[in-house]
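The numbering used here numbers the first residue of the sequence shown as 82 and each following residue consecutively.
Below is one structure, written out as structure tokens; the observations come after it.
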Amino acid sequence: MVQKYQSPVRVYKHPFELVMAAYERRFPTCPLIPVFLGSDIVQEHKSEDGSVHVVERICKLNVDAPRLLKRIAGVEFVFFIQKNTLNWKDRTLLIEARNETFSTRVLVNETCSYSVHPENEEWTCFEQSASLDIKSFFGFESTVEKIAMKQYTANIKRGKEVIEFYLNELISQGTTHLPRWNPGSHGRNEHASWTASGITAQNSMPALAESSAQGSTRVDLAIPGAETSASDADKLEADYIERYLGKLTPMQESSLIHLRQWLQETYKGKIPKDDHILRFLRARDFNMEKTREMLCQSLSWRKQYQVDYILQAWRPPPILEEYYAGGWHYHDKGQYPISLTNNDN
């Protein structure tokens with residue numbers, strides 16, 4: 082079964098250019114991320130006007146797996162290919178990563194993006210999605226899946242902390258603003274060329290050739306289009322989730338976002354509120370299949386008995402409005418509705 086992860090929109094209240102300067106400090110190695118042992122640039126390209134910068138790296142990771150599993154697999158480290166497409170003109174960064182080690186047995190794909198906040202051009206948004214598909218792994222498929230998902234979710238929060246650390250470091254050094262790209266800031270003599278660092282990088286990591294699958298690793302210079310399944314207005318922000326829905330684990334956030342997207346695609350009209358969707362997920366222990374089944378039954382029941390119409394059209398009898406001293410009053414900590422009644426004579 083393919084495991085998928087989708088993050089909420091995380092907002093850095095800093096300009097895109099400053100966030101990019103902080104992001105670049107993660108390379109070639111980052112002491113704040115212990116599993117990230119280093120990286121080498123394989124290929125690099127810049128457009129003639131300097132607005133687009135494409136970098137492909139080999140990243141070396143130390144996976145915290147049982148010693149026995151490492152000996153069976155015959156590797157101590159794993160290698161990933163990461164391609165970064167930075168567009169200074171559009172102020173976007175697209176990060177695409179895939180595993181090179183055991184690529185015929187395990188498929189790991191991750192896509193991250195940095196972009197300008199739609200409501201404030203001085204802020205930067207970050208989104209992250211990933212998928213894990215284990216085809217075969219010496220009979221340890223379930224174990225590898227659990228280890229991979231555990232490590233991945235543990236490093237999600239660390240990634241945000243690293244960017245914030247380098248942002249604070251830049252600000253403490255006096256760098257609070259960086260100029261935006263403009264056509265006149267780069268000379269036309271900066272011709273596009275591939276760097277020769279790919280040759281030395283490949284020679285410095287011979288283990289990659291032994292563990293990688295046969296195939297082409299050519300970098301595609303085409304800039305991917307901005308294809309999204311939902312509009313920016315429909316996306317959930319991490320701050321909104323924490324403030325109004327409570328603190329959730331990364332996988333719980335991912336389940337909420339996936340279920341919400343599924344409802345938007347399946348039911349084109351009105352869908353339940355976010356806190357109601359979360360209540361259904363908790364009722365089924367965040368099991369997506371069981372939650373979908375429960376939600377479908379609930380929505381079918383509401384449609385069959387015209388519950389939404391009744392809620393809009395029904396009015397309490399005059400005698401109840403006149404003499405009943407009570408009513409609904411927001412929600413409790415568990416997001417359940419509260420009914421208040423006045424018991425005074």
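Just so you know, even glycine gets a beta-carbon here, dropped at the ideal spot from N, CA and C.
If you draw a straight line from the Cα of Thr110 to the Cα of Lys384, it is about 56 Å long.
Assignment of Lys127 by DSSP, reduced to helix, strand and coil, places it in the strand class.
The count of Cβ pairs closer than 8 Å, one atom from the region 83-99 and one from the region 202-214, reaches three, so the stretches are in contact. The alpha-carbon of Gln345 is positioned some 26 Å away from that of Ile176. Cβ-Cβ separation between Ile237 and Pro331: approximately 5 Å, consistent with a contact (criterion under 8 Å). Sequence-distant Cβ neighbours of Lys316 in its own chain, meaning closer than 7 Å and more than five residues away, are Val90. In this structure Gln87 is buried. Its beta-carbon is surrounded by 16 or more other beta-carbon atoms within 10 angstroms. Scanning its chain for C-beta atoms nearer than 6 Å, with the 5 sequence neighbours on each side dropped, one finds around Ala178 the residues Phe161, Gln163, Glu191, in chain order.
Less than 8 Å divides the Cβ of Leu337 from the Cβ of Ile358.
When DSSP reads this structure, Asn190 sits in a beta bridge with Arg179, Ser212. Taking C-beta separations shorter than 7 Å and ignoring five residues to either side along the sequence, the partners of Glu222 in its chain run Ile215, following chain order. Only exposed fits Gly408, as fewer than 16 other CB atoms lie within 10 angstroms of its CB. Gln416 sits close to Asp356, with the two beta carbons spaced by under 8 Å. In the three-state DSSP reduction, Lys371 falls in the helix class (H, G or I). Around the beta-carbon of Gly220, fewer than 16 other beta-carbon atoms lie within 10 Å, marking it exposed. DSSP, reduced to helix, strand and coil, places Ser184 outside both helices and strands of the structure shown, so it counts as coil.
Here Lys328 is exposed. Its C-beta has fewer than 16 other C-beta atoms within 10 Å. Exposed is the label assigned to Val388, since fewer than 16 other Cβ atoms lie within 10 Å of its Cβ. As DSSP reads the structure, Lys164 sits in a beta bridge with Glu137, Glu177. Each residue's CA atom was taken as its position, placing Tyr404 and Pro418 some 22 Å apart. It is roughly 6 Å from the alpha-carbon of Val189 to the alpha-carbon of Asn180. Closest in C-alpha terms to Ser217, from the list Arg396, Ala154, His134, comes Ala154.
Excluding sequence positions up to five before and after Met101, its CB lies less than 6 Å from no other CB in the same chain.
For the options Ala235, Tyr321, Thr185, Arg138, the alpha carbon positioned closest to that of Asp145 is the one of Ala235. Counting only residues of its own chain and dropping the five nearest sequence neighbours on each side, Thr173 has a CB closer than 6 Å to the CB of Ser196. Here Asn201 is bridged, per DSSP, to His198. Burial state of Tyr386 is exposed, judged by a 10 Å Cβ sphere holding fewer than 16 other Cβ atoms.
Residue ranges of uninterrupted beta strand (DSSP E) with 3 or more members, entirely inside the region 388-421 and ordered along the chain, are 407-412. Assigned with DSSP and collapsed to three states, Asp320 falls in helix. Contact between Asn143 and Leu118 holds, since their C-beta atoms are separated by about 5 Å, short of 8 Å. Under the DSSP assignment, Arg239 falls outside any beta strand (DSSP E), being part of the alpha helix (DSSP H) whose first and last residues are 222-253. Linking Phe246 to Asp413 through their CA atoms gives a straight-line distance of about 36 Å.
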